[in-house]
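Residue numbers (my numbering): 5 to 372. Built from N, CA and C at the ideal position, the CB exists for glycine as well. No experiment lies behind these values; they were computed from the predicted model shown. This report concerns only the one structure given below.
This is the structure in structure tokens:
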């Protein structure tokens, strides 16, 4: 039997799990995925925490203690989520040590309601970094316009950042620039650059979902033929930009001082359309120095029937550019799509955060 996940790792893709819960930690499931499925990192988001707290009784003891102490709602949420992330970091610590800090990472997101406030996002990033207090933590900061200077500020303090909610190539350029700006400031601040790691989370499946719906409305044969191609093409062109930026003289000067590249991370890799292969956002996005964070169902699908045939990105730049050109010719407004997806992405995480707050408040009331 072939081991597709081992093949993926060998091709230079770090496999991260897009999920965390206290049940997963208590049962040893995360450790098992590390041992058996080549998982070397974990990402979380408000939706994941909201789901985890709504299922089972794993959080009951901590919530009761917080209720008895009269802790505020906001503080309770921070204690609950930080507990899981800290535990996850400890489980991942051997991977972190073995990889020299590149992997073994666990990501915790700033409050998504702050996505359009630079100062509060920066303060929140610093507070979470202090609260979890693990070197293999990554703080997730959204790639909104207000998030960009917060990415620079966090990086300048030596905080490792997972930049989330990237949809457009133009914004991705700005994200890489914000990271490099932060590294230069960190160097000036006397921070050891080798301790700072970052990933740029480029969202995949949501691009196809939105563009496919627009192609359906257009309805021409040419439009229909383009369904399911936009997301992979977009991500491949992002990798082309990654290669360009991290080969400049400006970057090389930082690398000489120990700086680490900000790796592209393929996020939202669960396939939404049942007509497509359930592994396409993994097998079609294989290249060195990348991360793919997968829902557990996608992870198991790749392990079961994924076929990894080596690099599926770097030889496809011309064809990817043609896909975007063909989409424009068919009437798809790329800028409108990516702007909408960013607004919707922030709103979805805000909604999930509010649901999380409501769920914790109800639990606190019950435990008081």
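Distance check for residue 159 and residue 286, CA to CA, integer angstroms please.
When rounded, the separation of the alpha-carbon atoms in residue 286 and residue 159 is 29 Å.
Where does residue 168 sit, in a helix, a strand or coil, going by DSSP?
For residue 168, the three-state secondary structure derived from DSSP is strand.
For residue 207, does the three-state DSSP call read helix, strand or coil?
In the structure shown, residue 207 sits in a strand (DSSP, three-state: E or B).
Let's test the definition: count the other Cβ atoms within 10 Å of the Cβ of residue 77 and tell me whether it reaches 16, buried, or not, exposed.
Exposed is the call here.
Excluding the 5 residues flanking residue 369 on each side, which residues of the same chain have their C-beta closer than 8 Å to its C-beta?
Cβ within range, chain order: 71.
Three Cβ pairs or more, each shorter than 8 Å: is that satisfied between the stretch 326 to 342 and the stretch 160 to 178?
The stretch 326 to 342 vs the stretch 160 to 178: in contact.
Rounded distance between the beta-carbons of residue 215 and residue 336, thought under 8 Å:
Going by Cβ atoms, the distance from residue 336 to residue 215 rounds to 6 Å, so yes, they are a contact pair.
Starting from the C-beta of residue 162, find all residues in its chain whose C-beta is less than 7 Å away, skip the five residues before and the five after it, and write them out in chain order.
The answer, listed in chain order, is 190, 195, 199, 200.
Does the beta-carbon of residue 254 have 16 or more other beta-carbons within 10 angstroms, so that it is buried, or is it exposed?
Per the 10 Å Cβ criterion, exposed.
Which residues does DSSP list as the beta-bridge partners of residue 296?
In the DSSP assignment, the residues bridged to residue 296 are 19, 270.
Report the start-end ranges of each alpha helix (DSSP H) in the stretch 122 to 180 that is 4 residues or longer and not cut off at the edges.
The qualifying runs are 122 to 136, 151 to 160.
Residue 112 - DSSP class collapsed to helix/strand/coil:
Here residue 112 sits in strand by DSSP.
From which residue to which residue does the beta strand (DSSP E) around residue 32 run?
Premise fails: residue 32 is in no beta strand (DSSP E) and is neither H nor E.
Within the continuous beta strand (DSSP E) that includes residue 45, where are the two ends?
Here the beta strand (DSSP E) through residue 45 covers 43 to 46.
Return helix, strand or coil for residue 13, following the three-state DSSP convention.
Here residue 13 carries a helix assignment [DSSP, helix/strand/coil].
Boundaries (first-last residue) of the alpha helix (DSSP H) holding residue 246:
234 to 249 is the span of the alpha helix (DSSP H), which, as asked, contains residue 246.
Just tell me which of 52, 34, 331 has its CA closest to the CA of residue 224.
Of the candidates 52, 34, 331, the one whose C-alpha sits nearest the C-alpha of residue 224 is 331.
Whose C-alpha, out of 101, 269, 226, 278, is nearest the C-alpha of residue 208?
Of the listed residues, the one whose Cα sits closest to residue 208 is 269.
For residue 89 versus residue 48, is the C-beta distance shorter than 8 Å?
In contact: residue 89 and residue 48 (Cβ atoms closer than 8 Å).
Cβ separation of residue 383 and residue 155, assumed to be a contact under 8 Å, to the nearest whole Å:
Residue 383 is absent from the model: the chain starts at 5 and stops at 372.
Consider the C-beta atom of residue 52 and the heavy atoms of the ligand COA; say whether any pair is separated by less than 7 Å.
The model depicted lacks the ligand COA and carries no ligand whatsoever.
Excluding the 5 residues preceding and the 5 following residue 151 in the sequence, name in chain order all residues of the same chain whose CB lies nearer than 7 Å to its CB.
Excluding residues within five positions, the ones whose Cβ falls inside 7 Å are 119, 125, 145.
What separation, rounded to the nearest whole angstrom, lies between the Cα atoms of residue 323 and residue 237?
Those two C-alpha atoms are separated by around 8 Å.
With 16 as the cutoff for other CB atoms within 10 Å, does residue 134 come out buried or exposed?
Under this definition residue 134 is an exposed residue.
Just reading off the alpha helix (DSSP H) that residue 333 is part of, what are its end residues?
Residue 333: member of the alpha helix (DSSP H) spanning 321 to 334, first to last residue.
Should residue 22 and residue 62 be called a contact, given that it needs their Cβ atoms to be closer than 8 Å?
Inclusion of residue 22 and residue 62 in the CB contact set at 8 Å is not warranted, their separation being larger than that value.
Buried or exposed by the 16-neighbour rule on C-beta atoms within 10 Å, applied to residue 188:
Per the 10 Å Cβ criterion, buried.
Do you know whose CA, among 297, 206, 121, lies nearest residue 235's CA?
Selected option, being the one with the closest Cα: 206.
When the distance is taken between beta carbons, is residue 99 closer than 8 Å to residue 165?
Between residue 165 and residue 99, the CB-CB gap reaches or exceeds 8 Å.
According to the Cβ coordinates, are residue 1 and residue 279 closer than 8 Å?
Because the chain spans 5 through 372 in this model, residue 1 falls outside it and cannot be assessed.
Using the beta-carbon count (16 or more within 10 Å), is residue 52 buried or exposed?
Residue 52 counts as buried, since no fewer than 16 other beta carbons sit within 10 angstroms of its beta carbon.
Checking the sheet assignment: what are the DSSP bridge partners for residue 198?
Beta-bridge pairing links residue 198 to no other residue.
CA nearest to the CA of residue 264, picked from 276, 272, 249:
Nearest Cα to residue 264 within the set 276, 272, 249: 249.
Compare the Cα-Cα distances from residue 12 to each of 329, 239, 84, 310 and report the closest residue.
Taking residue 12 as reference, the option from 329, 239, 84, 310 with the minimal CA-CA separation is 310.
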